[in-house]
Structures are given as structure tokens and as C-alpha cells.
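Going by our numbering, 18 is the number at position 14 of the sequence shown; the sequence numbering is gapless. The C-beta atom is built at its ideal place from N, Cα and C for all residues, glycine as well. Owing to the predicted nature of the structure, the values given are computational and were not obtained by experimental measurement.
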Amino acid sequence: FSLMFGLSKTFSFALAARFWLGFCNSIQSTAKTSVTEIAKGDENLEARGTGLTIGMRGIGFLLSPALGGVLANPVKQYPEWALTKRFEQILTQYPFLLPNLVGCALCMLSALTVQLFVEETLPEDQRRPVKHFAADIWQWTLVKIRDTYRLILPKKEVNSTTPINEEMPLVNSENKTKPKLHDRTTDEDKGKISGFDGQKDDANGVANDIWKRESTRRHLISYWLFSFVVVAVDEAFPLYCISRVGGLSLSEASIGKILSAAGVIFVLGQYMAFATLVDRLGLYRAQSIGALLGVPTTILLPIANVLNRKVSKGEGELRWSSFIFLAVVIGTAKIFTCLFFAVITITTNRTVPASLRATTNGLSMVGGSVAKGLGPIFAGVLVSVSFSVPNEDIATYGSVFIWCTISMLGLLVYQDARSLERMSHGDEADDEVT
Numbered sequence: 005f006s007l008m009f010g011l012s013k014t015f016s017f018a019l020a021a022r023f024w025l026g027f028c029n030s031i032q033s034t035a036k037t038s039v040t041e042i043a044k045g046d047e048n049l050e051a052r053g054t055g056l057t058i059g060m061r062g063i064g065f066l067l068s069p070a071l072g073g074v075l076a077n078p079v080k081q082y083p084e085w086a087l088t089k090r091f092e093q094i095l096t097q098y099p100f101l102l103p104n105l106v107g108c109a110l111c112m113l114s115a116l117t118v119q120l121f122v123e124e125t126l127p128e129d130q131r132r133p134v135k136h137f138a139a140d141i142w143q144w145t146l147v148k149i150r151d152t153y154r155l156i157l158p159k160k161e162v163n164s165t166t167p168i169n170e171e172m173p174l175v176n177s178e179n180k181t182k183p184k185l186h187d188r189t190t191d192e193d194k195g196k197i198s199g200f201d202g203q204k205d206d207a208n209g210v211a212n213d214i215w216k217r218e219s220t221r222r223h224l225i226s227y228w229l230f231s232f233v234v235v236a237v238d239e240a241f242p243l244y245c246i247s248r249v250g251g252l253s254l255s256e257a258s259i260g261k262i263l264s265a266a267g268v269i270f271v272l273g274q275y276m277a278f279a280t281l282v283d284r285l286g287l288y289r290a291q292s293i294g295a296l297l298g299v300p301t302t303i304l305l306p307i308a309n310v311l312n313r314k315v316s317k318g319e320g321e322l323r324w325s326s327f328i329f330l331a332v333v334i335g336t337a338k339i340f341t342c343l344f345f346a347v348i349t350i351t352t353n354r355t356v357p358a359s360l361r362a363t364t365n366g367l368s369m370v371g372g373s374v375a376k377g378l379g380p381i382f383a384g385v386l387v388s389v390s391f392s393v394p395n396e397d398i399a400t401y402g403s404v405f406i407w408c409t410i411s412m413l414g415l416l417v418y419q420d421a422r423s424l425e426r427m428s429h430g431d432e433a434d435d436e437v438t
């Protein structure tokens with residue numbers, strides 16, 4: 005599907021390819037579940053493994069856009085390359101083929117690495133052969149259609165008018181066997197007929213059971229809310245930098261340099277901050293600190309306007325003081341957002357038995373995807389409203405309104421994280437009493 009995206013010529017084709025890219029991407033929830041199961045109860049190993057997993061994801065989010073920008077449209081950027089001259093026609097027709105081709109190669113390398121070196125944690129009696137994959141997907145689709153139909157048009161209960169013969173014996177005196185009360189196949193028999201179909205009701209029941217757990221539900225909601233706010237930050241920052249009224253009036257190249265410097269700070273500090281805070285403060289206290297310093301610190305970003313005030317608008321340049329300040333703020337925010345995501349993954353997994361962790365991580369990613377879809381919409385509307393005020397003097401302070409609003413949302417998530425911490429202390433107290 006990466007190649008499909010790179011070969012797109014129309015918006016609809018690119019949208020379809022991007023949809024299938026996301027639809028088939030389950031690596032994050034699978035990796036988080038595998039790390040937990042590979043640890044085999046070693047909480048210290050689980051914590052460090054999750055920290056590395058989330059950290060590598062953060063590094064990927066920082067490096068991948070830079071790599072894509074370097075490789076995109078090579079005919080225009082690198083006309084003297086031997087590769088460009090040899091494949092000039094196809095690279096001109098598909099200017100974004102090269103970065104997607106590299107992405108496809110990295111995915112294949114990752115799949116090969118997993119196949120050769122990663123331990124399978126699912127018990128053998130629960131594994132299903134790959135040859136049944138297509139049939140399972142078809143059965144899953146039919147089940148979802150059926151469930152949706154029943155939800156929209158529930159089946160009416162029919163009251164039976166058949167008279168009951170109270171004198172009829174329950175046991176046949178001739179063969180001493182009980183008559184069949186119904187001829188329908190039982191759920192157990194269905195499971196024997198079709199391995200996937202027999203599990204469909206169990207899967208739905210498992211998801212419902214997970215959602216009914218108050219502690220798990222609260223952790224999932226906190227994860228989704230934080231995902232929403234973090235995506236809003238990621239989308240609002242480049243818009244703030246580009247804006248000529250109230251923003252910094254920067255070029256795309258300058259924004260890329262800021263994010264690259266922030267990425268260096270993130271790489272140097274992410275795992276150190278995670279390991280130190282978790283070891284010294286514990287999971288929930290570290291989670292609260294991640295929520296407090298991950299998003300609310302962005303309220304400092306408008307200071308860059310003050311530091312850069314002597315640069316004429318339209319030049320697209322930054323003073324070194326503004327550049328360093330922005331890189332430090334964004335890099336620090338990224339360190340603590342990844343701290344929160346890593347810790348809440350661990351704490352959420354510990355609210356359910358090991359057998360339910362895969363489904364729990366799947367639910368977290370589904371809700372997180374919805375939040376990440378709404379985040380850019382919110383950020384776009386917020387920036388547009390803040391910088392489009394008719395009075396230019398007021399619009400100049402639009403950046404203050406943007407980052408104050410987002411920081412306030414971050415503080416609300418912090419309060420929610422604090423409530424999870426208090427809930428965990430209450431559970432510990434109950435355990436001690438018991």
C-alpha cells in the first residue's frame with residue numbers, strides 16, 4: 005500500500021491507499037503487547053522494554069518526515085543524481101514514489117526481522133494457520149454486518165401461543181432419553197465447525213468486559229484525550245510558525261531545522277528521563293509528570309515572538325535565541341509526551357489479565373486513531389480563528405490564545421492522570437486491607 009500511495013495520480017486513489025495503509029497497520033498495539041508478554045512477569049524488564057518501544061516510535065515520527073522530505077520530488081531537488089537521470093521519466097510522473105519505495109523496503113526488512121528474531125508469545129493451541137486468514141476476514145465482515153443489522157433493526161420477540169401439555173412426560177419411558185428441547189446448533193458446536201466464527205461472540209464479550217472495568221476504562225479515556233491534545237500540538241506548531249500575522253513567518257526549511265534540533269534533544273533525553281523518573285518516582289507519579297510537562301509547557305512558545313521581534317516579517321529567518329528556545333521547548337515536550345504514552349501503556353496493561361492485553365491495546369489504538377483524526381481539525385480551526393481576527397493588532401496576540409487554549413487542555417489531562425494516580429493508591433490500600 006506504500007507503493008500504491010507513491011503511485012497515486014488522483015486524490016481519491018491516494019485517499020484509498022492511505023486508508024488501507026492505516027487499516028493494515030497494527031504494529032503499535034502488537035509491539036506493546038509483545039513487549040509485555042516477552043517480559044514474562046518481570047516488571048522492570050516490561051517497563052524498560054515499553055519505554056524503548058514508545059521511544060523508537062517517537063524517533064520514527066521525527067525522522068520519517070525529514071526522510072520523506074529529502075527523498076520527495078528528486079527530479080526537482082537533485083537533477084544531477086545518476087538515479088534521477090536514469091529514472092527521470094517515472095520519477096517525474098510520480099514525484100513521491102521514491103520515499104514510499106524506501107518506506108516499503110523498510111517494512112519488508114522489519115517483517116523479515118520479526119520473522120527471524122522475535123519470539124511468538126501466543127500459545128500454540130490458540131494459533132490459527134495463515135491459510136485461513138482470507139476466510140477469517142470474510143467471516144469477520146459478515147459478523148459485523150449481521151451485528152450492525154441487528155443493532156439497527158432489533159428482532160422482535162414473538163410470544164408463542166402453542167399450548168403446553170403438562171401431562172407429557174419429560175422422559176421417554178421406552179428409551180429413557182430426554183427429548184431435544186431445540187434443534188439449533190450450540191455455540192460450542194459452532195466453534196468446532198469454524199474456529200473463527202465460534203470466537204466472534206467471545207471477542208465481542210471480551211471487549212465489553214474490558215470496557216466495564218472502571219480502572220481500565222479510565223486509563224483508556226486518559227490515553228485517548230492525551231493523544232488528541234498531542235496531535236493538536238503537532239498540527240498547530242507548523243501553522244504557528246508559517247503564519248505571517250501573529251506567527252513567526254518562517255519557511256518550511258526553517259521549521260524542518262527546528263524539528264531536527266528538537267529531535268536531537270529528544271533522542272538524547274527520552275530514555276534517560278523515562279528510566280530515571282520511573283525508577284525513582286514509580287509509574288503513576290512519572291505518568292503525572294509526563295502529562296504536566298508534555299503539553300502545558302507549550303504555553304511558553306509565544307516567547308519566541310518576543311525573541312524574534314527584531315527580524316523583519318517576511319524574511320523567514322530566526323534569531324539563534326529563538327531557534328534554540330523553540331528547539332528546547334518542543335524537544336522537552338516530546339520527551340515528556342513519550343514518557344506519558346510509555347507509562348500509561350504499562351499501567352493500562354496491568355489493569356487487565358495477561359490474556360486480555362492484546363484486545364486492550366487494540367482498543368487503545370482504535371480510540372487513539374479517532375482522537376488523532378479529530379486533533380488536526382481542532383488545531384486547524386483554532387489557528388484559523390486566532391489569526392483571522394479583523395483587527396490586526398489583536399491578531400498579533402493570536403499565538404498566545406492558541407497555546408493557552410492547548411495548554412489548558414493539557415492541564416485537564418494532567419488532572420485526569422492525577423486521578424488515576426489516586427485511584428491506584430486506593431487500590432493498593434484495599435489490597436493491604438485484604
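Check	Outcome
Might you give, ordered along the chain, the residues of its own chain that have their beta carbon closer than 7 Å to the beta carbon of ALA21, omitting 5 neighbours on each side?	PHE5, MET8, PHE9 and SER12
Secondary structure at PRO300, three-state DSSP: helix, strand or coil?	helix
Check whether the segment 217–231 and the segment 370–379 are in contact - that is, three or more C-beta pairs closer than 8 Å.	yes
Secondary structure at THR400, three-state DSSP: helix, strand or coil?	coil
Between the beta-carbon of ILE303 and the beta-carbon of SER390, is there less than 8 Å?	no
Just verifying my parser: in three-state terms, what is the DSSP assignment at ARG76?	In the sequence as displayed, the identity of residue 76 is Ala instead of Arg. Note: ALA76 maps to coil in three-state DSSP.
Mind checking whether PHE327 and ILE269 have CB atoms under 8 Å apart?	no
Can the beta-carbon of GLY439 be found less than 8 Å from the beta-carbon of VAL39?	An answer regarding residue 439 cannot be provided, because it is not within the stretch 5 to 438 covered by the chain.
Contact defined as beta carbons within less than 8 Å: I believe PHE340 pairs with LEU297. What is the distance between those atoms, to the nearest angstrom?	4 Å
Pairing CB atoms from the segment 377–396 with CB atoms from the segment 83–101, are three or more of them under 8 Å?	no
Roughly how many angstroms lie between the CA atoms of CYS111 and LEU105, to the nearest whole one?	10 Å
Please state whether DSSP places ASP140 in a helix, a strand or coil.	helix
Please work out which residues of its chain come closer than 6 Å, Cβ to Cβ, to GLY414, disregarding the five sequence neighbours upstream and downstream, and give them in chain order.	VAL233, VAL299 and PRO300
Taking all protein chains shown into account, do 16 or more other C-beta atoms lie within 10 angstroms of the C-beta of GLU47, making it buried, or fewer, making it exposed?	exposed
Check whether the segment 286–296 touches the segment 336–354, counting contact only when three or more Cβ pairs, one atom from each stretch, lie closer than 8 Å.	yes
What's the gap between the Cα of PHE121 and the Cα of THR352?	27 Å
What number of angstroms, rounded off, separates the C-alpha of SER359 from the C-alpha of LYS376?	27 Å
Does DSSP put PHE91 in a helix, in a strand, or in coil?	coil
Under the three-state reduction of DSSP, which class applies to TRP85: helix, strand or coil?	coil
Sort LYS44, GLY250, PHE91 and ASP283 by Cα distance to ASN395 and report the nearest one.	GLY250
If you draw a straight line from the alpha carbon of VAL147 to that of ALA138, how long is it in whole angstroms?	14 Å
Return the chain-ordered list of same chain residues with a C-beta closer than 8 Å to the C-beta of ASP193, the five sequence neighbours on each side being excluded.	Since pLDDT at ASP193 reaches only 41, below the 50 mark, its modelled position is unreliable, and no value is offered.
State buried or exposed for THR280, treating a residue as buried only when at least 16 other CB atoms are found within 10 Å of its CB.	exposed
Would you mind giving the Cβ-Cβ distance between ASN365 and THR37, rounded to the nearest angstrom? I have them listed as a contact below 8 Å.	5 Å
What residue range does the alpha helix (DSSP H) around GLY379 cover?	361–391
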